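**Student:**
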Amino acid sequence: MAAPQSRARSGLLTLPALLMFVAFAVVPLAGAVILSLTRWDGLGAISWEGLGNWVEVLHDPLTGNALLLTLKIMVFSWVVQTPISLLLGVFTAGTQRYRAVLAVLYFIPLLLSSAAVAIAFKAVLDPNFGLGGVPGLGFLSQDWLGDPDLVLYVVIFVIAWQFVPFHTLLYQAAVRQIPASLYEAADIDGAGRVKQFRHITLPQLRNTIITSSTLMVTGSLTYFDVVFVLTGGGPGNATRLLPLDMYLTGFSANDMGKASVLAVILVVTGLALAFSLTKYTGFARMRSEQEGL
Amino acid sequence: MVRKVKDMKTSVGSSRALPSKGPVKGRVKGLAMGLALLVAGVAACGTSGPQQAGSTSADGNAAPSAWIISGVTAKAFQNSFDSWNAAHPGQRFAIQEFANDPYKQKIRTAVGARQAPTLIYGWGGGVLKSYVDAGAVEDLSDIADDPALKERFLPAIAAAGTVNGKTYAVPNNGVKPVVIYYNKDLFAKIGAQPPKTWNELMALVPRFTGAGIAPFTVSGQAKWPLLPWLAYLVDRIGGPRVMNDVAAGKPNAWSDPAVTEANQKIQQLVKAGGFVKGFSSISTDSGADVALMYTGKAAMTLGLPATYQTIKTADPAFITGGKLGYFPFPAVEGGKGDPADVVGNPTNFWSISSAATPAQKQAAREYIKSDLLNQKYAADLLAVGNVPPVTGVEDSIAKSEDPAYFSMIYELAAKAPNFQLSLDQALAPEQGDKLLTALQQIFLGEITPEQFATTMNATIG
Chain A
6 MAAPQSRARS
16 GLLTLPALLM
26 FVAFAVVPLA
36 GAVILSLTRW
46 DGLGAISWEG
56 LGNWVEVLHD
66 PLTGNALLLT
76 LKIMVFSWVV
86 QTPISLLLGV
96 FTAGTQRYRA
106 VLAVLYFIPL
116 LLSSAAVAIA
126 FKAVLDPNFG
136 LGGVPGLGFL
146 SQDWLGDPDL
156 VLYVVIFVIA
166 WQFVPFHTLL
176 YQAAVRQIPA
186 SLYEAADIDG
196 AGRVKQFRHI
206 TLPQLRNTII
216 TSSTLMVTGS
226 LTYFDVVFVL
236 TGGGPGNATR
246 LLPLDMYLTG
256 FSANDMGKAS
266 VLAVILVVTG
276 LALAFSLTKY
286 TGFARMRSEQ
296 EGL
Chain B
296 MVRKVKDMKT
306 SVGSSRALPS
316 KGPVKGRVKG
326 LAMGLALLVA
336 GVAACGTSGP
346 QQAGSTSADG
356 NAAPSAWIIS
366 GVTAKAFQNS
376 FDSWNAAHPG
386 QRFAIQEFAN
396 DPYKQKIRTA
406 VGARQAPTLI
416 YGWGGGVLKS
426 YVDAGAVEDL
436 SDIADDPALK
446 ERFLPAIAAA
456 GTVNGKTYAV
466 PNNGVKPVVI
476 YYNKDLFAKI
486 GAQPPKTWNE
496 LMALVPRFTG
506 AGIAPFTVSG
516 QAKWPLLPWL
526 AYLVDRIGGP
536 RVMNDVAAGK
546 PNAWSDPAVT
556 EANQKIQQLV
566 KAGGFVKGFS
576 SISTDSGADV
586 ALMYTGKAAM
596 TLGLPATYQT
606 IKTADPAFIT
616 GGKLGYFPFP
626 AVEGGKGDPA
636 DVVGNPTNFW
646 SISSAATPAQ
656 KQAAREYIKS
666 DLLNQKYAAD
676 LLAVGNVPPV
686 TGVEDSIAKS
696 EDPAYFSMIY
706 ELAAKAPNFQ
716 LSLDQALAPE
726 QGDKLLTALQ
736 QIFLGEITPE
746 QFATTMNATI
756 G
């Protein structure tokens, strides 16, 4: 039991962080909840609306569409990014020749801003003046961003291109933490590369996989910038993800009430996901995987 | 210990402040506006909070400010403000440039937060009306009635800056009627003439596609370049009444047979291969849509005078070599609309923010009276390929680089019985936003004209 004096002092020490949290997280959240009960076009007077916005938004097929698209992005992003970044991370942590050079190349996307990435891909994917216009690459001249059935996968690809390097970095650092003695012991026992990966590397990366997955899953709720610049939510509503739906409703259709409803849905979904991920993956009781060492 | 607390504070502070590029400034409304964004952390994504564009003048008061749209025409605006600033050191305008689409969203946030620049760049229509309803812009009727100014502008164009009989916005840019621009070489190749009616146009489609040429290029990705197709067809088929009903909010106005027929015609044209393959992937920011026309891949494009300006910058020889042709949107057989009606932007406008200080307002009023669209300004506009909406400009047009084109644009705008403002600006913002998506779905064949009517009717009332 801490002495009263030190408890008072630790309370004082948390104060700055607490103030920041209240000012930048709690107050805006409460504001959004209140705004979601009003009608406001961003210019005129704010009028009370009650639960009308909620009923309208929950009955709007666009909301269901946005949730489904967000779920798809979440699942596909995880499925695509996790194996790639895991393998790249293991590879870049090794000591092969030219590894450092290749690692630098892999990490380049990490240095680019989302808007730059999206603008570059928009130009590259242009069916007439992009890569498809280069002689010999005609097969790349597809309706990448204009075909409603194709565009979501293009978006998932661009997001993966942008974020795989970050997760690779996580895995690289984690792999380097694995004691070499484990591999040496496995060598003596006659375990091959695949077996070593399966029985040493993967279990040792358990916590990193959880961290990386949590970041991917919660992050995919807020994918906005790349999609906004790349497709603007189109064609039609084919990439109108939840955050994009919120933005367009608020700042293009100027309906702040409905946009706030979507914002609250976004926050609640995000919190629920983060909580359940930490709860069911054992993230909270994060323990060392190196017992006995 | 004290040191540690300080470090903690700064690190927490900076990690929060960095993504949003500085704390959201502004009064209560500005804060409220930022809330929705902050919650999801989306503020990180480029739209920093509303910020007063401004330096301060020598005497410490906030200088008057104006936001302009980047592009070829920005030069004419910059020149005008430069010469004003040189002559009025105490009332220097601070100018900031924005791209078109981000500007439209940013200005609304800024006006809502009462942080708008002194001069607000606009398009008239439903958006101007929403500013007037919110008391965000000054009544400029006294300036408009000033004899010197009254004679300067084309009356039909200046009328688009009025709401309920009062002037809230004055013209500041060229007239922008939408016409069809075409590649004369490609027309000669298949021996075609510019179509005068919709059926003639449809008859050209198989001839072009048969010769391996796309009849039309359009940027389907940006959505708004699709709007003139609907606006023109509706006007040609049903006359101005149809869109006036929509703007007036009459129930089921979108179910008008003229709208349905217009959408059917659009889908027929798409199905016949009227638009370049992959048009919904083509963006307009890079000018890729127009490039297809002057590089000989597509024969025609329906566009604002910005089309001409893009070609003039990218491939001037295409114009000087006489390869660029243009003609008004064709008549529709049996339609009620006058084929002289025009769709587009009458022009752009300056409004004065009512949130500005008295000194800023005074400077803006003086600038409008003395410098706005004066002779030098009008000549600058003409030089960048924009026809100013001023009276008595025929002489300068005759002496310009391309008298035939400029006088066609001028006549079209000056004599139009009805000048339909671009629909995304003419309608209330919520309708405009829904319309852009629904029309794109019409072009993609995702919805039928009937579904379009249902979707759009739901936005009325």
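First to last, the protein sequences are chains A and B. Position in the first sequence (from 1) plus 5 gives the number in this note's numbering. Position in the second sequence (from 1) plus 295 gives the number in this note's numbering. Each residue gets a CB set at the ideal place from its N, CA and C atoms; glycine is no exception. Note that this is a predicted model, so its numbers are computed, not measured.
Report the residue from V367/B, Q726/B, L619/B and N468/B whose alpha carbon sits nearest the alpha carbon of Y257/B.
**Tutor:** Outside the modelled stretch of chain B, which goes from 296 to 756, sits residue 257/B, for which no answer is possible.
**Student:** How about the stretch 98-117 of chain A and the stretch 131-149 of chain A: do they share at least three Cβ pairs that are nearer than 8 angstroms?
**Tutor:** no
**Student:** In angstroms, rounded to a whole number, what distance separates the CA positions of T351/B and K656/B?
**Tutor:** Only weak support is given to the placement of T351/B: the predicted model assigns it a pLDDT of 45, under 50, and the value that follows is read from those uncertain coordinates. Rounded to whole angstroms, T351/B to K656/B spans 15 angstroms at the Cα level.
**Student:** Is there contact here, the stretch 733-748 of chain B with the stretch 234-241 of chain A, by at least three beta-carbon pairs under 8 angstroms?
**Tutor:** yes
**Student:** Where do the N-terminal and C-terminal ends of the alpha helix (DSSP H) with T686/B fall, by residue?
**Tutor:** Careful: T686/B lies outside any alpha helix (DSSP H) and carries neither H nor E.
**Student:** Since F1/A and I161/A are thought to touch, with beta carbons under 8 angstroms apart, how far apart are those beta carbons, to the nearest angstrom?
**Tutor:** The structure shown does not extend to residue 1/A, since chain A is modelled only from 6 to 298, so the question has no answer here.
**Student:** State the Cα-Cα distance for the pair G582/B and W59/A, rounded to the nearest angstrom.
**Tutor:** The alpha-carbon of G582/B is positioned some 41 angstroms away from that of W59/A.
**Student:** Count Cβ pairs between the stretch 671-682 of chain B and the stretch 364-375 of chain B that sit closer than 8 angstroms; are there 3 or more?
**Tutor:** yes
**Student:** Among W149/A, A258/A, S186/A and T68/A, which residue has its Cα nearest to the Cα of D719/B?
**Tutor:** A258/A
**Student:** Any beta carbon of chain B sitting closer than 9 angstroms to that of N58/A?
**Tutor:** With 9 angstroms as the cut-off, N58/A does not count as an interface residue toward chain B.
**Student:** With a cut-off of 8 angstroms on the beta carbons, I'd call L707/B and V474/B a contact; round off their distance for me.
**Tutor:** Contact between L707/B and V474/B holds: their C-beta atoms lie close to 7 angstroms from each other, under 8 angstroms.
**Student:** Looking at chain B, is there any beta carbon in it that lies within less than 9 angstroms of the beta carbon of D250/A?
**Tutor:** no
**Student:** Under a Cβ-count criterion, where at least 16 other Cβ atoms within 10 Å of its own Cβ denotes burial, should H172/A be classed as buried or exposed?
**Tutor:** buried
**Student:** With a 10 Å radius around its C-beta and 16 neighbouring C-beta atoms as the bar for buried, classify P712/B as buried or exposed.
**Tutor:** exposed
**Student:** Opposite A509/B in the DSSP bridges: which residues?
**Tutor:** Bridge partners of A509/B: A593/B.
**Student:** Consider the Cβ of N70/A: report whether some Cβ of chain B lies at a distance smaller than 9 angstroms.
**Tutor:** no
**Student:** On a CA-only basis, which of W45/A, K200/A and Q177/A is nearest A98/A? Give me that one, please.
**Tutor:** Q177/A
**Student:** How would you list, in chain order, the residues of chain A whose beta-carbon sits under 7 angstroms from the beta-carbon of D428/B?
**Tutor:** G49
**Student:** Specify, as a first and last residue, the run of the beta strand (DSSP E) that Y621/B falls within.
**Tutor:** L619 to F622
**Student:** Assign Q410/B to one of three DSSP states: helix, strand, or coil.
**Tutor:** coil
**Student:** What does DSSP give as the partner residue(s) for A453/B in the beta ladder?
**Tutor:** Its beta-bridge partners do not exist; DSSP assigns none.
**Student:** Rounded to whole angstroms, what's the CA-CA distance from E689/B to V682/B? Just pull it up for me.
**Tutor:** 10 angstroms
**Student:** Residues of the stretch 124-152 of chain A in Cβ contact with chain B at a cutoff of 8 angstroms, in chain order, please.
**Tutor:** K127, A128, L130, D131, P132, N133, F134, S146, Q147, D148, W149, L150, G151 and D152
**Student:** According to DSSP, is F134/A part of a helix, a strand, or is it coil?
**Tutor:** coil
**Student:** At a CB-CB cut-off below 7 angstroms, which residues of chain A make contact with D690/B?
**Tutor:** None at all; the shortest Cβ gap to chain A is about 40 angstroms.
**Student:** According to the neighbour-count rule (16 or more other Cβ atoms, all chains shown, within 10 Å of its Cβ), is D194/A buried or exposed?
**Tutor:** exposed
**Student:** Using a cut-off of 7 angstroms between C-beta atoms, extract the partners of L619/B located in chain A.
**Tutor:** Residues of chain A passing the Cβ test: none, with the nearest at roughly 19 angstroms.
**Student:** Answer with yes or no whether the minimum CB distance from L716/B to chain A is below 9 angstroms.
**Tutor:** no
**Student:** CA-CA distance, A358/B and L73/A?
**Tutor:** 49 angstroms
**Student:** Among A464/B, G417/B and G533/B, which residue has its Cα nearest to the Cα of Q400/B?
**Tutor:** G417/B
**Student:** With DSSP as the reference, please indicate the residues paired to I363/B in a beta bridge.
**Tutor:** E392/B
**Student:** Can a CB atom of chain A be found closer than 9 angstroms to the CB of P661/B?
**Tutor:** The displayed chain sequence assigns Glu, not Pro, to residue 661/B. Taking Cβ atoms only, chain A never reaches closer than 9 angstroms to E661/B, which makes this a no.
**Student:** For T413/B, which residues from the same chain have a beta carbon less than 8 angstroms from its beta carbon, with the 5 sequence-adjacent residues on both sides left out?
**Tutor:** P359, S360, A361, F388, I647, S648, A651, Q655, K656, A658 and A659
**Student:** Is the number of C-beta pairs between the stretch 693-707 of chain B and the stretch 488-507 of chain B that are closer than 8 angstroms three or more?
**Tutor:** Judged by Cβ distances under 8 angstroms, the stretch 693-707 of chain B makes no contact with the stretch 488-507 of chain B, as fewer than three pairs qualify.
**Student:** Which residues in chain A sit within 9 angstroms of T605/B, going by Cβ to Cβ distance?
**Tutor:** Result: empty, since nearest Cβ-Cβ is about 14 angstroms, beyond 9 angstroms.
**Student:** With 16 other CB atoms within 10 Å as the buried threshold, where does I485/B fall?
**Tutor:** exposed
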